[in-house]
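Everything on this sheet refers to the single structure shown next.
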Ligand SMILES: [Zn+2]
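In our numbering, the protein residues as written are 1 to 321.
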């Protein structure tokens, strides 16, 4: 394989084989943000275009000319469609989980136009030429669309027209964090594959990316909970990120309290246990968790981040009282 950065990639690879063998005209890979769906999409494209796929798992050889083209993102039979804002980010190599990150990266400067967060109709129309010319090599051409949730209305309609007239030598790979925002008409044209991932793996990926984990996890371990000081610490941490981390933490505390193994922070079992013992009642803790969940609605763009942090840390603290 060209990319094999994740331990679960091989499992995914086996999972997709039966579907690939049927050569669907559109395949949709669905799973949480940031787990490597786009990489899998590229891997599939590389394998299908490879001149000598490996005998053992039909993955791309990584060495032929086609594989070299894929690696340098110059394959004439491969197109990658994504919002301009994402493409602007380091060539868009990763799944971008957070739209706001992409927006910031794309914010090129005062007076310059902000890059689109959506996949525009022009991008889908541009595929017409690609779809109609002869394929450069083996006969197959591939289009990776990522994320499918960001196709705007006009683009989705244009794509639907293409999907309604499938061409034997053209295959679409769509990537989506979830099905929200994808028209049912598009969904019905795709063979859908949900990519499984363990909670512990998801947490590991999340922590690896999470700037707040660096200060929040030590703070949780050190205790006591101090909403005002923590709000100072939070500073420019992404509010949604901090909230998610707290929610995962509470989830694990509740599990430990109920005698169930933690899902996300197994390595912090001792601290979780200490927190679990401080809980006056699990019902009250559950209500506090639900309360934090409601904050999710404003977490992406709180009017006043400082106040937002004070509020969620305060509620977190009260959960223990
Ligand atoms: Zn190859």
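C-beta: ideal position from N, C-alpha, C; glycine also. A quick note: this is a predicted structure, and the numbers were derived from the prediction, not measured.
Own chain residues within Cβ distance below 6 Å of residue i, not counting five before or after
i	result
residue 317	225, 227
residue 212	237, 241, 242, 245
residue 128	none
Residue i beta carbon near ligand 1 (any heavy atom closer than 6 Å)
i	result
residue 221	no
residue 60	yes
residue 43	no
residue 50	yes
residue 67	yes
residue 64	yes
Distance, residue j Cα to residue i Cα
i	j	result
residue 303	residue 119	28 Å
residue 85	residue 215	29 Å
residue 237	residue 203	18 Å
residue 264	residue 157	40 Å
residue 150	residue 40	19 Å
residue 294	residue 192	31 Å
residue 229	residue 207	22 Å
residue 72	residue 65	11 Å
residue 24	residue 144	14 Å
residue 146	residue 81	6 Å
residue 189	residue 63	33 Å
Which listed residue (the options) has its alpha carbon closest to that of residue i
i	options	result
residue 83	61, 52, 309, 115	115
residue 163	177, 180, 150, 184	184
residue 273	223, 232, 231	223
residue 57	21, 78, 75, 167	21
residue 30	76, 66, 187	187
residue 217	74, 271, 32	271
Own chain partners of residue i with C-beta closer than 7 Å, once the 5 adjacent residues on each side are dropped
i	result
residue 315	288, 291, 292
residue 306	231
residue 54	61
Beta-carbon proximity list for residue i, same chain, < 8 Å, skipping 5 on both sides
i	result
residue 285	250, 253, 254, 257, 279, 319, 320
residue 154	120, 121
Any chance you could list the alpha helix (DSSP H) runs of at least 4 consecutive residues sitting entirely within the stretch 188-217, in chain order? When DSSP assignments are scanned along the stretch 188-217, the uninterrupted stretches of alpha helix (DSSP H) that are 4 or more residues long and fall wholly within it turn out to be 199-209.
List, from N- to C-terminal side, the beta strand (DSSP E) runs of 3 residues or more that fit wholly inside the stretch 266-318. Runs of the beta strand (DSSP E) inside the stretch 266-318: none found.
What are the uninterrupted segments assigned as alpha helix (DSSP H) that are 4 or more residues long and contained completely in the stretch 122-164, given in chain order? Qualifying alpha helix (DSSP H) stretches, in chain order: 127-132, 153-164.
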